[in-house]
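K.L.:
Read in order, the letters of the sequence shown correspond to residues 1 to 219 in our numbering.
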Amino acid sequence: MGITENFQRIDREIPGNVKIIVVTKTRGINDILPIYNYGHKQFGENKVQEILSKQPSLPPDIEWHFIGHLQSNKVRYLAPFIHLVHSIDSLKLLMEVDKEGIKNNRIIRCLLQFHIASEETKFGLDLSEARSILDAEEYKKMNHIRIAGVMGMATNTDDHSLIRSEFRTLRNYFNILKNDYFSGNDEFYEISMGMSSDFHIAIEEGATLVRIGSAIFTP
Ligand SMILES: *Cc1c(COP(=O)(O)O)cnc(C)c1O
Numbered sequence: 001m002g003i004t005e006n007f008q009r010i011d012r013e014i015p016g017n018v019k020i021i022v023v024t025k026t027r028g029i030n031d032i033l034p035i036y037n038y039g040h041k042q043f044g045e046n047k048v049q050e051i052l053s054k055q056p057s058l059p060p061d062i063e064w065h066f067i068g069h070l071q072s073n074k075v076r077y078l079a080p081f082i083h084l085v086h087s088i089d090s091l092k093l094l095m096e097v098d099k100e101g102i103k104n105n106r107i108i109r110c111l112l113q114f115h116i117a118s119e120e121t122k123f124g125l126d127l128s129e130a131r132s133i134l135d136a137e138e139y140k141k142m143n144h145i146r147i148a149g150v151m152g153m154a155t156n157t158d159d160h161s162l163i164r165s166e167f168r169t170l171r172n173y174f175n176i177l178k179n180d181y182f183s184g185n186d187e188f189y190e191i192s193m194g195m196s197s198d199f200h201i202a203i204e205e206g207a208t209l210v211r212i213g214s215a216i217f218t219p
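Rendered as structure tokens:
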């Protein structure tokens, strides 16, 4: 099956309240355009260099999501156009996004990335680290970022019950933060979880954004 057929099949499987971020890392413009031309506008990349090499050659109404680890010194390259930064994992990084938001005269939407996998290599916060960010005086002064929800990656495993419990943990963190920091705030609602191998489980556990690459681009 072709790329567009793969995308259509997955799109049909997914409930209307869940958005697909088509992850285009390692794929070229010619792989991306058919999905755009079909009417899809949400795409994601995990490397700054790579998103910068594609974004100018693609239509300006694409909503670009940054899903990879982000270094503070690279925020300025994304700030003019990024739709959502999924990978906030420190106060320092959030401060940098706010600073670049000011320079670009925009409010940049962000997700707090949590470490939910049992693997040690993945980036992300735990709940107490997230609380320290949201309690910080520096955070309270920020006017050019908006925390729109949470993001996480499950362990890369065939053990579905482990994956499910990790997604459930992320959903639980979302509920706790919503209750303690964002109650009455309509703009905190995103749960970004689920990739090609585990998006069905993620949706059952409450994902609002799924990030799918290989299931679309692998024939
Ligand atoms: C690559 C990547 C994905 C998509 O993974 P697939 O298995 O290709 O669907 C999702 N999230 C992040 C953070 C990624 O780096």
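Glycine included, every Cβ here is placed at the ideal spot set by N, Cα and C.
(1) Are the CB atoms of L209 and S192 nearer to each other than 9 Å?
(2) Name the two residues that bound the continuous beta strand (DSSP E) containing L209.
(3) Assuming contact is defined by CB atoms lying nearer than 9 Å, are F66 and G44 in contact in what I supplied?
(4) For F114 versus V75, is the C-beta spacing smaller than 9 Å?
(5) N105: which of E204, D61, I145 and E138 sits nearest, CA to CA?
(6) Compare the C-beta of S132 with all C-beta atoms of chain B and state if any pair is closer than 9 Å.
(7) Beta carbon of G184, beta carbon of F167: below 9 Å?
(8) Can H144 be considered in contact with ligand 1, in the sense that its beta carbon sits closer than 8 Å to one or more heavy atoms?
(9) If you measure from the CB of R211, is any heavy atom of ligand 1 nearer than 8 Å?
(10) Report the rounded CA-to-CA distance for N30 versus S161, giving the unit in angstroms.
(11) Which residues does DSSP pair with S53 in a beta bridge?
(12) Counting C-beta neighbours from all protein chains within 10 Å, is the total for Y189 16 or more, i.e. buried, or is it exposed?
(13) Measure the C-alpha to C-alpha separation of T26 and S128 and round it to an integer number of angstroms.
(14) Return the chain-ordered ranges of every beta strand (DSSP E) run that is complete within the stretch 63–121 and spans a minimum of 3 residues.
(15) Can you find a heavy atom of ligand 1 that lies under 8 Å from the Cβ of N46?
(16) Which residues in the same chain have their Cβ closer than 7 Å to the Cβ of I163, if we skip the five residues on either side of it in sequence?
(17) With H, G and I counted as helix, E and B as strand and the rest as coil, what does DSSP make of V18?
(18) If you count every other CB in all the chains shown that lies within 10 Å of the CB of T24, and 16 or more means buried, which is it?
(19) Could you check if K141 belongs to the surroundings of ligand 3, using beta carbon to heavy atom distance under 8 Å?
P.N.:
According to the data block:
(1) yes
(2) L209 to I212
(3) yes
(4) no
(5) I145
(6) Reference to chain B is not applicable here, since this structure consists of a single protein chain.
(7) no
(8) no
(9) yes
(10) 38 Å
(11) DSSP output for S53 lists no bridge partner at all.
(12) exposed
(13) 35 Å
(14) 63–66, 84–88 and 108–114
(15) yes
(16) A154, T155, T157, D198 and I201
(17) coil
(18) buried
(19) With respect to small molecules bound, the structure shown includes ligand 1 and not ligand 3.
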